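A quick write-up on the structure given underneath.
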Amino acid sequence: TAGIPGAEEKPWRRLPALTGGRMADAVFVTVGAIPVYETAMRFLAPGGRMYMVGMPHSGQKASYEPVIVAAVGQGMVGTKMGDVVLQRDIPWMVDLYRQGRLKLDELVSGRWSLDEINEAIADTRSGAARRNVIVFP
Numbered sequence: 017t018a019g020i021p022g023a024e025e026k027p028w029r030r031l032p033a034l035t036g037g038r039m040a041d042a043v044f045v046t047v048g049a050i051p052v053y054e055t056a057m058r059f060l061a062p063g064g065r066m067y068m069v070g071m072p073h074s075g076q077k078a079s080y081e082p083v084i085v086a087a088v089g090q091g092m093v094g095t096k097m098g099d100v101v102l103q104r105d106i107p108w109m110v111d112l113y114r115q116g117r118l119k120l121d122e123l124v125s126g127r128w129s130l131d132e133i134n135e136a137i138a139d140t141r142s143g144a145a146r147r148n149v150i151v152f153p
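Taken in order, the sequence shown gives residues 17 to 153; the numbers are from this note's numbering.
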């Protein structure tokens with residue numbers, strides 16, 4: 017498993033150095049940023065699959081070249097919420113977090129007060145942040 021920041025220029029070029037020259041059999045897009053969705057397919061080996069986990073805003077669209085995707089047998093799989101059962105899974109995840117086994121703090125890109133909510137929204141819309149948290153006193 018490897019993580020490569022998608023904001024770099026042509027980040028897919030770094031992958032073969034991490035994998036012994038191979039491209040990825042699976043790519044998980046965990047942020048809802050259209051530029052990441054548009055770049056993700058370039059990481060895939062022939063026959064690879066992109067799994068869509070993080071969702072962009074409704075109405076946003078990514079573009080692909082279908083002829084290339086089809087020619088190399090790649091595919092996309094949607095996974096929005098998977099098989100989550102909120103009443104069962106939220107308490108379980110809270111327990112894992114409290115044990116230090118679920119690393120959520122590392123996913124937060126910014127913490128804002130309620131008075132700064134407009135800045136937090138602008139930060140998210142610009143793509144500068146992916147996971148902002150509003151902190152209540």
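Just so it is clear, CB atoms sit at the ideal spot from N, CA and C, and this is done for glycine as well.
Note that the structure is predicted; figures quoted are calculated from it, not measured.
For Ala78 versus Tyr53, is the C-beta spacing smaller than 9 Å? As a working mapping, residue 78 is identified with position 62 in the sequence shown. As a working mapping, residue 53 is identified with position 37 in the sequence shown. The answer is yes: Cβ separation under 9 Å.
Are there three or more Cβ pairs, one per stretch, closer than 8 Å when the stretch 29 to 40 is compared with the stretch 48 to 65? yes
Quickly, what does DSSP pair Trp128 with across the bridge? List them, please. Here residue 128 is taken as the residue at index 112 of the sequence shown, counted from 1. Trp128 is bridged to Ile150.
Exposed or buried, what is Leu31 when buried is set at 16 or more other beta-carbons lying within 10 Å of its beta-carbon? Here residue 31 refers to the residue found at position 15 when the sequence shown is read from its first residue. By the 10 Å Cβ count, Leu31 comes out buried.
Taking only runs that begin and end inside the stretch 82 to 107, name each unbroken alpha helix (DSSP H) of 4 or more residues, in chain order. 82 to 87
Tell me, please, whether the CB atom of Trp108 is closer than 9 Å to any CB atom in chain B? Looking at the structure shown, chain B is missing, and only one protein chain is on hand.
Would you say the beta carbon of Met92 comes nearer than 8 Å to a heavy atom of the ligand GDP? Ligands are entirely absent from the displayed structure, and the ligand GDP is therefore not among its contents.
So, are the CB atoms of Met71 and Phe44 less than 9 Å apart? Numbered from 1 along the sequence shown, position 55 holds the residue referred to as residue 71. Numbered from 1 along the sequence shown, position 28 holds the residue referred to as residue 44. The answer is no: Cβ separation not under 9 Å.
Assigned exposure category for Thr55 - 16 Cβ within 10 Å defines buried: For the purposes of this step, residue 55 is taken as the residue at position 39 of the sequence shown. Buried: at least 16 other Cβ atoms inside 10 Å.
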